[in-house]
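Quick notes on the structure that follows.
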Amino acid sequence: MKKLKILISIFLIIQSTNLIGQIKLPKLISDGVILQRDEKVKVWGWAAPNEKIKLIFKTKTYNTEADNSGNWHIMLPEQKAGGPFEMVFIASNEITIQDILFGDVWVCSGQSNMELPMERLKEKYDAIIKNAANTYIRQFLVPDTYNFKKPQKDFKDGSWVSATPSTVLEFSGVAYFFAKEIYEKHQIPIGIINSALGGSPIESWLSDDALKAFPESYEEVQKYKNDTFIEYIETSDKKRSDDWYTLLNSKDKGLYNHWDLPSGIDFSDWDDMEIPGYWADSALGNVNGVVWFSKDIIVPKSMLGKSAKLFLGRIVDQDYAYINGEFVGTTGYQYPPRRYEVKPTILKEGKNTISIRVINNMGRGGFVLDKPYYLAVDNDTIDLKGTWKYKLGTTMQPLLEPTFIRWKPEGLYNAMIAPLINLKIKGVLWYQGESNTHNPEHYAKTLPALIADWRNKWHQGKFPFLFVQLTNFMETNPEPTESNWAQLRQSQLESLKVPNTGMAVTIDLGEWNDIHPLNKEDVGKRLALLARKMVYDEKTIQASSPLPYKATFNEHKVIISFENKGSDLIIKGEDDLKGFSISDDGANFVWAKAIIKNNKVEVWNENVKNPTVVRYAWADNPDNANLYSKAGLPSTPFEIKKTTR
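Right, dumping it as structure tokens:
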């Protein structure tokens with residue numbers, strides 16, 4: 017027995033030694049990788065200290081040696097677009113990487129509107145998804161994770177995936193439409209690195225070095241370098257949430273009386289509510305907790321025996337849906353669209369009952385307006401909007417939000433950007449800002465800081481950095497008003513002072529009731545327009561929206577000059593130019609008349625004698641803004657103040 021233990025120990029030592037001697041490649045350098053064309057390319061990895069590594073690529077051999085820490089890299093000469101190729105790495109072990117393409121690599125980062133996958137858009141872009149097969153468009157999906165202690169060298173997992181009708185569902189919608197447009201115009205392999213996380217503020221994407229310029233954020237992250245502190249926060253948050261839901265479930269009369277089962281329920285004491293809508297606007301009032309809803313529908317025989325889909329728009333916050341007492345789906349938070357598959361055996365001819373248990377943990381609970389609510393079988397639909405029965409299951413005190421640790425400063429840079437910086441890239445696409453609207457003026461500092469930070473880390477000079485200006489969102493306002501969303505758009509506009517940047521204006525692509533608008537195709541195409549002109553040398557196309565560059569303040573009017581006009585400024589859709597407001601004191605704004613004259617815009621209000629500030633599209637949702645270029649691109653929102661010299 018003792019001899020056996022000795023033999024096992026020797027075997028483990030040998031195995032451990034062999035593992036130490038093996039070369040390892042980062043997840044990025046794997047089968048299907050797209051490497052940057054027309055640049056000296058770095059391939060890298062790890063091995064035993066001072067181990068010799070050989071790379072065979074296109075009949076040539078490249079040699080290097082790991083340093084004392086086991087790091088190594090090899091620089092390859094510039095390669096033209098094309099492939100596929102193979103690389104063989106040889107040391108104490110051998111690794112072969114296959115199906116390598118050379119093309120253009122774009123890092124696509126930001127928050128949920130960049131992260132939003134094609135799966136969420138499948139009804140809108142069904143035909144495009146069915147025709148998505150293209151091995152020259154590939155995505156590397158960076159795992160969602162954070163690290164506050166130091167920049168990471170590699171990802172825990174990840175692989176390069178070519179676009180097909182099934183795999184494209186996991187692609188970023190914005191990034192895919194960008195890649196599709198560039199590929200169709202230039203026939204170059206496009207690699208998109210999807211490194212985005214929903215809800216993340218810009219500070220979470222800044223490195224430790226860059227954060228030092230922002231003391232408040234830098235001081236905050238120091239606490240999160242302590243694992244014990246994080247564990248305490250996570251444990252406290254989980255207990256608070258678990259206790260809240262345990263109490264809610266124990267009090268919910270609908271659960272223990274089986275309101276999901278329509279048979280035997282006396283609906284005589286249930287009230288009526290119009291769906292979509294919020295119960296705060298009904299007799300129930302603004303309460304948190306559980307509310308049950310029920311509606312009877314008549315299903316014809318022609319819709320039986322087939323799979324159906326139940327579309328329940330969006331619900332605040334969580335829902336459990338049943339048809340005839342059978343569970344058909346649930347969604348845990350308010351943002352995803354509710355699209356539930358209904359088995360062929362569930363529906364019956366005649367009366368069917370749909371029941372929904374809605375849990376609202378804070379704010380206004382209910383059904384979001386202007387969203388689809390219907391039952392569909394093939395092309396036949398039953399409209400579900402209208403009067404529903406409802407009854408309160410229980411009330412609860414609001415549940416405090418958890419501490420979103422993954423959004424804290426620096427964490428996403430260390431875990432989701434730092435492992436990328438050895439990879440040569442063409443540029444960056446950035447769609448973020450919604451989570452910084454609480455302090456919008458600060459964004460005029462943090463966005464340029466992020467651009468400089470990433471460029472410094474990549475050591476590729478001033479590579480193109482293209483970003484999306486915030487869309488229109490929330491309810492409209494009939495009068496000029498202050499707006500954090502407008503102020504953040506202004507900060508984005510001012511960030512164009514940073515060289516080699518471009519901004520896609522999207523104030524006509526949003527949805528008033530959804531922070532995740534579905535039109536990602538035009539967002540991707542507008543980013544691609546910028547890239548086509550700035551990067552792919554299509555000099556004759558009009559790529560940028562009209563941008564103001566000068567305003568002359570006269571006694572009664574303001575005359576604004578624009579660049580990037582696309583030949584001419586135009587009014588879209590109406591006879592009158594709308595969306596302009598002016599002020600003589602910088603605090604009280606009134607709507608202004610405006611005309612296009614000599615390709616400039618003249619703005620005035622008879623009651624404002626000496627205007628000092630002019631604004632355009634200054635609102636959360638500037639739905640009446642109609643100044644466009646002849647090329648069909650909307651003007652950026654802006655604020656211009658009179659300067660005194």
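Numbering (our numbering), first residue to last: 17 to 661.
Just so you know, even glycine gets a beta-carbon here, dropped at the ideal spot from N, CA and C.
None of these values were measured; they are calculated from a predicted model.
{"Item": "Could you work out which residue in L71, F483, V619 is closest to G518 when comparing CA atoms only?", "Value": "F483"}
{"Item": "What are the partner residues of Q334, as DSSP defines its beta bridges?", "Value": "I375"}
{"Item": "Does the distance from the C-beta atom of L327 to that of R355 stay below 8 Å?", "Value": "For the record, residue 327 in the displayed sequence is Phe; it is not Leu. Yes, Cβ-Cβ distance for F327 and R355 is below 8 Å."}
{"Item": "In chain order, which continuous runs of the alpha helix (DSSP H) of length 4 or greater are located wholly inside the segment 99-150?", "Value": "128-131, 142-146"}
{"Item": "Candidates N109, P425, N79: which alpha carbon is nearest P167's?", "Value": "P425"}
{"Item": "I'd like to know whether the C-beta atoms of L543 and F194 end up nearer to each other than 8 Å.", "Value": "yes"}
{"Item": "Which of the three DSSP states is assigned to K255 in this structure?", "Value": "helix"}
{"Item": "Just to check my reading of the structure: A97 and P205 have Cβ atoms closer than 8 Å, yes? What is that Cβ distance to the nearest angstrom?", "Value": "6 Å"}
{"Item": "Please confirm if the segment 65-72 is in contact with the segment 175-192, defined as three or more CB-CB distances below 8 Å between the two stretches.", "Value": "no"}
{"Item": "Could you pull the DSSP bridge partners for A232 from this structure?", "Value": "Checking the displayed sequence, the identity of residue 232 turns out to be Glu instead of Ala. Paired residues: none, contrary to the question."}
{"Item": "Which value, in whole angstroms, describes the spacing of the CA atoms of A107 and V123?", "Value": "31 Å"}
{"Item": "Under three-state DSSP, which class holds H202?", "Value": "helix"}
{"Item": "Checking 8 Å against the spacing of the C-beta atoms, do E186 and L157 come in under that value?", "Value": "yes"}
{"Item": "Where do the ends of the beta strand (DSSP E) carrying T410 lie?", "Value": "402-412"}
{"Item": "Where K536 and Q508 are concerned, what is the direct C-alpha to C-alpha distance, given to the nearest angstrom?", "Value": "19 Å"}
{"Item": "For a test of your reading of the model: does the CB of K68 fall under 7 Å from any non-hydrogen atom of the ligand GTP? Yes or no.", "Value": "You won't find the ligand GTP in this model; it holds no ligand whatsoever."}
{"Item": "Determine the direct distance from the alpha carbon of Y644 to that of N368, and round the result to whole angstroms.", "Value": "50 Å"}
{"Item": "To which residues of the same chain is W423 closer than 7 Å at the C-beta, ignoring the five residues directly before and after it?", "Value": "G215, S216, P217, S220"}
{"Item": "Cα-Cα, which of N623, K609, P464, K566 is closest to L222?", "Value": "P464"}
{"Item": "Within 10 angstroms of its Cβ, does Q238 collect 16 or more other Cβ (buried), or is it exposed?", "Value": "exposed"}
{"Item": "Excluding five sequence neighbours on each side, which residues of the same chain lie with their C-beta closer than 7 Å to the C-beta of P456?", "Value": "N500, Q503, L504, S507"}
{"Item": "Quick check: the Cα distance between L649 and S561, rounded to an integer number of angstroms?", "Value": "5 Å"}
{"Item": "Helix, strand or coil: which one does DSSP assign to P653?", "Value": "coil"}
{"Item": "For a test of the three-state rule: what should DSSP assign to D685, helix, strand or coil?", "Value": "What is shown of the chain runs 17 to 661, which leaves residue 685 out entirely."}
{"Item": "Report the three-state DSSP secondary structure of H458 (helix, strand or coil).", "Value": "helix"}
{"Item": "Only counting runs of 3 or more residues, tell me where the beta strand (DSSP E) segments fall wholly within the segment 518-591, in order along the chain.", "Value": "563-569, 573-579, 585-587"}
{"Item": "Any contact of the segment 256-271 with the segment 283-300, i.e. 3+ C-beta pairs under 8 Å?", "Value": "no"}
{"Item": "Specify, as a first and last residue, the run of the beta strand (DSSP E) that S178 falls within.", "Value": "176-179"}
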